[in-house]
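The sequence shown begins at 1 in UniProt numbering and counts up by one. Glycine included, every Cβ here is placed at the ideal spot set by N, Cα and C. Because the structure is a prediction, the values reported are computed rather than measured. Taking it in order: structure first as structure tokens, then the write-up.
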Amino acid sequence: MTEGVYVGVRSERLGVVDALRGFALLAIVLLHNLEHYNIYFNPESLPAWMQRVDAAVWDTLFFLFAGKAYATFSLLFGFSFYIQMRNAERRGYDFRLRFAWRMLLLSLFALLHSLFYNGDILLLYAVAGLVLIAVCRVREKWVLLIAAVCLLQPLEILRGVLSVCSPETVFPSGFFIPYAERAYDAGVNGSLPEVLRSNITDGILYSNLWQIEAGRLFQTPALFMLGMLLGRRGFFVKSDESARFWKRAAVGAAVIFIPLYILRIRTEGMTEDGFFLFLFNEAYSLSNFAFMVLLVSLFTLAWFACDGYRWQRFIIPYGRMSLTNYIMQSAIGVSIYYSFGGGLYKYTGGTYTLLIGCAIFLLQLAFSRYWLSRHRQGPLEYLWKRGTWAGAKRRD
């Protein structure tokens with residue numbers, strides 16, 4: 001969710017990164033629609049054959065994109081921080097304090113988004129993004145080590161060790177559940193003012209407590225740091241070195257993913273035991289990360305093959321307006337599915353929600369193309385940039 005300005009290598013870095021960001025946002029939109037924007041409901045009134053199709057759609061999209069789209073977004077967030085840091089330094093700015101201010105502004109966008117949707121990730125980004133200030137001038141090997149430790153989920157490792165040394169230890173969890181239940185009730189029964197009030201209170205607690213328990217408090221800054229390192233090495237710029245890197249990354253990710261996914265499947269029904277819960281959580285998180293690396297690698301290699309295929313380039317405007325589109329799709333989706341609006345959560349399974357998600361995407365893509373034909377940035381991207389550089393003598 002950045003402004004998409006990559007000075008000096010605009011034609012390549014802007015294209016591949018914004019296209020990647022656009023496809024990641026598309027995947028997020030489709031998943032949010034499948035979930036009815038956190039109203040998890042499976043309409044039993046549909047014919048049996050339709051329910052089977054819906055289940056197949058759900059399983060396929062979640063296998064391909066759940067956890068991977070968010071991870072791709074996070075990786076690109078770190079990459080864009082590096083670009084902004086580099087560009088600011090070339091103009092004589094120390095970007096670190098300015099970036100802290102930028103994260104404060106992002107938290108305000110998070111509050112705006114939370115009004116509409118109780119699954120916001122922007123507040124987590126605003127907090128985790130501060131880690132980049134601490135590591136932006138640290139040597140690469142140390143940044144890589146810190147990121148690796150975070151990816152391994154230190155709290156899960158502690159859970160695993162304690163479950164072996166002290167099997168009777170009970171690990172508290174489910175803190176988000178009471179808030180999730182109240183947010184669900186507001187979505188299926190509440191008026192618009194009640195939904196807005198619930199989202200800004202229970203919804204924020206539900207979303208962020210869930211993300212902490214899901215391991216994103218460590219995974220997100222790890223992905224930010226890895227994205228920053230990709231920027232340092234210039235791996236989104238077409239070159240023989242970059243192509244070799246992405247080929248090795250794709251092979252390594254595929255090799256790692258297979259045993260991790262098998263472990264994830266084998267331990268999925270054994271989570272009552274503390275040690276097996278540790279194994280499942282680690283396998284789930286790391287297998288999603290490995291699959292994300294595979295997808296990003298293949299996408300980037302495809303881009304390098306011919307400077308972007310048409311199916312990649314068509315989505316660039318959507319990626320360039322990712323902040324605007326991310327918040328806008330939530331407002332549209334909630335209005336479609338929640339009780340104060342269309343109430344379609346009662347009637348739509350996986351197939352129908354997939355079609356609705358595609359329609360939202362096409363609508364937003366058309367708007368993005370129209371807007372960017374007249375402006376350099378999306379409306380929220382423009383406000384974020386102007387706010388970031390408010391009071392500065394020179395702006396990028």
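ask   = For F245, which residues of its own chain have a beta-carbon under 8 angstroms away from its beta-carbon, when the five flanking residues on both sides are left out?
value = Here residue 245 refers to the residue found at position 245 when the sequence shown is read from its first residue. A distance below 8 angstroms between beta-carbons, with the five flanking residues on each side excluded, links F245 to the following residues of its chain, in chain order: R233 and F235.
Helix, strand or coil at Y6 according to DSSP, with G and I counted as helix = The residue given as residue 6 occupies position 6 in the sequence shown. For Y6, the predicted structure reports a pLDDT of 43, less than 50, and the residue's modelled location is therefore unreliable. The matter cannot be settled from this model.
request  = Out of G174, V195, D94 and S173, point me to the one whose CA is closest to A183's CA.
outcome  = One-based indexing of the sequence shown puts residue 183 at position 183. Comparing alpha-carbon positions, the option among G174, V195, D94 and S173 lying closest to A183 turns out to be V195.
For G378, the nearest candidate out of G129, W311 and I327 (CA to CA) = As a position in the sequence shown, residue 378 is number 378, starting the count at 1. Closest by alpha carbon: I327.
ask   = Between A302 and Y309, what straight-line distance do the alpha-carbon atoms span, to the nearest angstrom?
value = What you label residue 302 is simply residue 302 of the sequence shown in a count that begins at 1. What you label residue 309 is simply residue 309 of the sequence shown in a count that begins at 1. Near 7 angstroms, if we compare the C-alpha coordinates of Y309 and A302.
inquiry  = So within the segment 139-221, which uninterrupted alpha helix (DSSP H) runs reach at least 4 residues, ignoring any that extend past its ends?
reply    = As far as the segment 139-221 is concerned, its whole alpha helix (DSSP H) runs of at least 4 residues are 140-151, 154-165, 177-189, 192-198 and 204-213.
query = According to the neighbour-count rule (16 or more other Cβ atoms, all chains shown, within 10 Å of its Cβ), is I121 buried or exposed?
reply = If you number the sequence shown from 1, residue 121 lands on position 121. The residue is buried, with at least 16 neighbouring Cβ atoms inside 10 Å.
Where M225 sits in the DSSP three-state scheme = Sequence index remark: in the sequence shown, residue 225 carries index 225 (1-based). Correct three-state label for M225: helix.
task = Run through the segment 258-343 for me and flag every whole alpha helix (DSSP H) of 4 or more residues, listed as ranges in chain order.
result = Entirely contained in the segment 258-343, the alpha helix (DSSP H) runs reaching 4 residues are, in chain order, 274-306, 310-313, 316-320 and 322-337.
query = How close, in whole Å, do the beta carbons of P43 and T348 come, if the pair is a contact with beta carbons under 8 angstroms?
reply = Taking the sequence shown and counting its residues from 1, the one referred to as residue 43 is at position 43. Taking the sequence shown and counting its residues from 1, the one referred to as residue 348 is at position 348. Rounded, the Cβ-Cβ distance is 7 angstroms, consistent with contact.
query = Start and end of the alpha helix (DSSP H) containing L76?
reply = Translated into the one-based positions of the sequence shown, residue 76 becomes position 76. Segment K68 to R90, the alpha helix (DSSP H) holding L76.
key: Reduced DSSP secondary structure (H/G/I, E/B, other) of Y370   = Against the sequence shown, residue 370 aligns to sequence position 370. Residue state for Y370 is assigned as helix, using DSSP reduced to three classes.
request  = State the Cα-Cα distance for the pair D240 and T300, rounded to the nearest angstrom.
outcome  = The count along the sequence shown starts at 1 and reaches residue 240 at position 240. The count along the sequence shown starts at 1 and reaches residue 300 at position 300. Distance from the CA atom of D240 to the CA atom of T300, rounded to whole angstroms, is 13 angstroms.
ask   = Are S191 and F340 touching if we call contact CB-CB under 7 angstroms?
value = Indexing the sequence shown from 1 puts residue 191 at position 191. Indexing the sequence shown from 1 puts residue 340 at position 340. Contact: yes.
ask   = Closest to L25 by CA distance: which of L75, S107, D54 and F41 is it?
value = Position 25 of the sequence shown, counted from the start, is the residue given in the question as residue 25. With distances taken between Cα atoms, L25 lies closest to L75.
Helix, strand or coil at Q377 [DSSP, three-state] = In the sequence shown, residue 377 corresponds to position 377, counting from 1. Note: Q377 maps to coil in three-state DSSP.
query = For the alpha helix (DSSP H) that contains F95, what are its first and last residues?
reply = Against the sequence shown, residue 95 aligns to sequence position 95. Segment F95 to F116, the alpha helix (DSSP H) holding F95.
key: V386 (DSSP reduced to helix, strand or coil)   = Within the sequence shown, residue 386 is the residue found at index 386, counting from 1. Residue 386 is actually Arg in this sequence, not Val. Secondary structure of R386 (DSSP, three-state): helix.
query = Measuring CB to CB, does residue 436 end up less than 7 angstroms from G160?
reply = Outside the shown range of the chain (1 to 396) lies residue 436, about which nothing can therefore be said.
task = Please name the residue in I157, E213 and F224 whose C-alpha comes closest to that of residue 468.
result = Residue numbering for the chain in the displayed model covers 1 to 396; residue 468 lies beyond these limits and cannot be assessed.
key: From G15, V16 and L31, residue whose alpha carbon lies closest to that of G357   = By 1-based counting over the sequence shown, the position of residue 357 is 357. Measuring from the Cα of G357, the nearest candidate turns out to be L31.
ask   = Cα-Cα, which of L363, A283 and I204 is closest to H113?
value = Within the sequence shown, the letter at position 113 stands for residue 113. Out of L363, A283 and I204, I204 has the C-alpha closest to the C-alpha of H113.
query = Using DSSP with H/G/I as helix, E/B as strand and the rest coil, what is V237?
reply = In the sequence shown, residue 237 corresponds to position 237, counting from 1. Coil at V237, not helix or strand.
request  = With distances taken Cα to Cα, identify the nearest neighbour of A56 among W101, L344 and G350.
outcome  = Walking along the sequence shown from the start, residue 56 turns up at place 56. For A56, the nearest C-alpha among the options comes from G350.
ask   = If we ignore side chains and look at the alpha-carbon of each, how far apart do A366 and L263 end up?
value = The sequence position of residue 366 within the sequence shown is 366, counting from 1. The sequence position of residue 263 within the sequence shown is 263, counting from 1. Roughly 43 angstroms separates the two Cα atoms.
inquiry  = Once the 5 residues before and after Q153 are set aside, which same chain residues still bring their CB inside 8 angstroms of it?
reply    = Here the question's residue 153 lines up with position 153 in the sequence shown. Correct list, in chain order: G215, F218, Q219, N281, E282 and S285.
ask   = So which of L363, G227, R376 and V255 has the shortest CA-CA distance to Q84?
value = Locating residue 84 in the sequence shown gives position 84, where the first residue counts as 1. Minimum Cα distance to Q84 is reached at G227.
Environment of L151 [buried if 16+ CB atoms lie within 10 Å] = Here the question's residue 151 lines up with position 151 in the sequence shown. With 16 or more Cβ atoms within 10 Å of its Cβ, L151 is classed as buried.
query = From V135 to L344, what does the alpha carbon distance come to, in whole angstroms?
reply = As a first step, residue 135 is located in the sequence shown; it is residue number 135 there, counting from the start. As a first step, residue 344 is located in the sequence shown; it is residue number 344 there, counting from the start. About 46 angstroms.
task = Report yes if the CB atom of G22 is closer than 7 angstroms to the CB atom of I315, and no otherwise.
result = As a first step, residue 22 must be located in the sequence shown, where it is residue number 22. As a first step, residue 315 must be located in the sequence shown, where it is residue number 315. It is a contact, given that the beta carbons lie within the stated cut-off.
task = Let me know the secondary structure DSSP gives A359 once reduced to three states.
result = Mapped onto the sequence shown, residue 359 falls at position 359. Helix.
ask   = Does the distance from the CB of F81 to the CB of L132 come in under 7 angstroms?
value = Counting from one through the sequence shown, the residue named residue 81 turns up at place 81. Counting from one through the sequence shown, the residue named residue 132 turns up at place 132. Result yes, Cβ atoms of F81 and L132 sit closer than 7 angstroms.
Whole-angstrom C-beta distance between A250 and S287, which should lie under 8 angstroms = As a working note, residue 287 is residue 287 in the sequence shown. As a working note, residue 250 is residue 250 in the sequence shown. Not confirmed; about 15 angstroms, so no contact.
ask   = So, is L158 buried or exposed, given that buried needs 16 or more other C-beta atoms within 10 angstroms?
value = Looking up residue 158 in the sequence shown gives position 158. The residue is exposed, with fewer than 16 neighbouring Cβ atoms inside 10 Å.
ask   = For P317, does the count of other Cβ atoms within 10 angstroms reach 16, so buried, or fall short, so exposed?
value = If you number the sequence shown from 1, residue 317 lands on position 317. Buried, by the Cβ-count rule.
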